[in-house]
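Right, one structure below, let's go through it.
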Amino acid sequence: GENVEQHPSTLSVQEGDSAVIKCTYSDSASNYFPWYKQELGKRPQLIIDIRSNVGEKKDQRIAVTLNKTAKHFSLHITETQPEDSAVYFCAASMGGQNFVFGPGTRLSVLP
Amino acid sequence: EAGVAQSPRYKIIEKRQSVAFWCNPISGHATLYWYQQILGQGPKLLIQFQNNGVVDDSQLPKDRFSAERLKGVDSTLKIQPAKLEDSAVYLCASRTSGSLAGELFFGEGSRLTVL
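Top to bottom, those sequences are chains D and C.
For the record, in the first sequence the residue sitting at position 32 is 248 according to the numbering used here, with numbers rising by one throughout.
For the record, in the second sequence the residue sitting at position 99 is 1532 according to the numbering used here, with numbers rising by one throughout.
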């Protein structure tokens, strides 16, 4: 079955700097890759997603890139703000079935 | 639009006791998932329903866990008997059906502590 790895497990950046989180997946049939943000004690919420027919997608300060050949995808957050501090999870899915999540990255944005 | 509803939010039980969690997905969402999230880890799929049928329960510990979605709407997840390692947040999620459907919508979760 699908296996998703995520790095780093923790990341601290200064406010205003950029943050990058990387994920790799094992099943080449996976074709949908969402990123979820989970604040402490809250539900995971989708922040951006990408499908396998697209190489990059951007939404304001957040962008995701996908390399299907290497089977990895990355989340990029620019101009980080304190409210970006949270745990971020990547996931991989094939045809909308069986979303497999990575172990998460705890991002801390330092003032 | 109402979100995914879950109850109870918190439950504390002793090992070997039983517990049940309830989930009501977003109206019209045919696909429903139960995930287990252990502290510090990513959500792990327990079971996926499409309407009232099971799509994937390969990671459900069937000797102690059971789940049902009898009328294709709300769902119940039961643990009997509970073990210490079952302490986790149980997240219910739903989405529309179809291969191009995207976002999973999560509930607030039910936090289980087994003593």
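Cβ atoms here follow ideal geometry from the backbone N, Cα and C, with glycine treated the same way.
Only a predicted model underlies this, so the values are computations on that prediction, with no experimental measurement involved.
- Residue contact with chain D for Asp-1489 of chain C: present (Cβ-Cβ distance below 8 Å to some residue of chain D).
- A Cβ-Cβ contact shorter than 8 Å links Pro-260 of chain D with Phe-305 of chain D.
- For Asp-1490 of chain C, the three-state secondary structure derived from DSSP is coil.
- Residues are counted here when their Cβ sits less than 7 Å from a Cβ of chain D; for the region 1452-1485 of chain C these are Gln-1474, Gly-1475, Pro-1476, Leu-1478 and Gln-1481, given in chain order.
- For secondary structure counted as the beta strand (DSSP E) over 3 or more consecutive residues, the region 262-322 of chain D holds these complete runs in sequence order: 272-275, 278-283, 288-293, 302-310 and 313-317.
- For the pair Asp-1496 of chain C and Leu-1478 of chain C, the CB atoms are not nearer than the 8 Å cut-off.
- With a beta-carbon spacing of about 6 Å, Gln-1483 of chain C and Thr-1464 of chain C fall inside the 8 Å limit used to define contacts.
- Put simply, the CB of Glu-1501 of chain C is far from chain D, with every gap to its CB atoms at 8 Å or more.
- Taking 3 residues as the shortest admissible run, the region 1439-1527 of chain C contains the following complete beta strand (DSSP E) segments, listed from N- to C-terminal end: 1443-1446, 1452-1457, 1464-1470, 1477-1483, 1486-1489, 1498-1501 and 1508-1512.
- Taking C-beta atoms as the reference points, Ser-1527 of chain C and Phe-1538 of chain C count as a pair closer than 8 Å.
- Distances from the alpha-carbon of Ala-235 of chain D to those of D:Asp-243, D:Thr-226, D:Tyr-241 and D:Ser-242 put D:Thr-226 closest.
- Two segments are said to touch when three or more pairs of C-beta atoms, one from each, lie closer than 8 Å; by this definition the region 238-250 of chain D does not touch the region 1445-1458 of chain C.
- Under the Cβ distance rule, Leu-1537 of chain C counts among the residues neighbouring chain D, one pair being separated by less than 8 Å.
- With contacts defined as CB atoms closer than 8 Å, Val-220 of chain D and Ala-307 of chain D qualify as a contacting pair.
- At least one CB atom of chain D sits nearer than 8 Å to the CB of Gly-1531 of chain C.
- The Cβ atoms of Cys-239 of chain D and Gly-312 of chain D lie no closer than 8 Å to each other.
- When secondary structure is reduced to three states using DSSP, Thr-1529 of chain C falls in the coil class, being assigned neither helix nor strand.
- Of all residues in the region 255-278 of chain D, only Arg-259, Pro-260, Leu-262 and Asp-265 come within less than 7 Å of chain C when Cβ atoms are compared, listed by chain position.
- Beta-bridge partners of Arg-1544 of chain C (DSSP): C:Tyr-1443 and C:Val-1522.
- Assignment of Ala-1435 of chain C by DSSP, reduced to helix, strand and coil, places it in the coil class.
- With 16 or more neighbouring CB atoms inside 10 Å of its own CB, Arg-1502 of chain C falls in the buried class.
- Beta-bridge partners of Pro-250 of chain D (DSSP): D:Asp-265.
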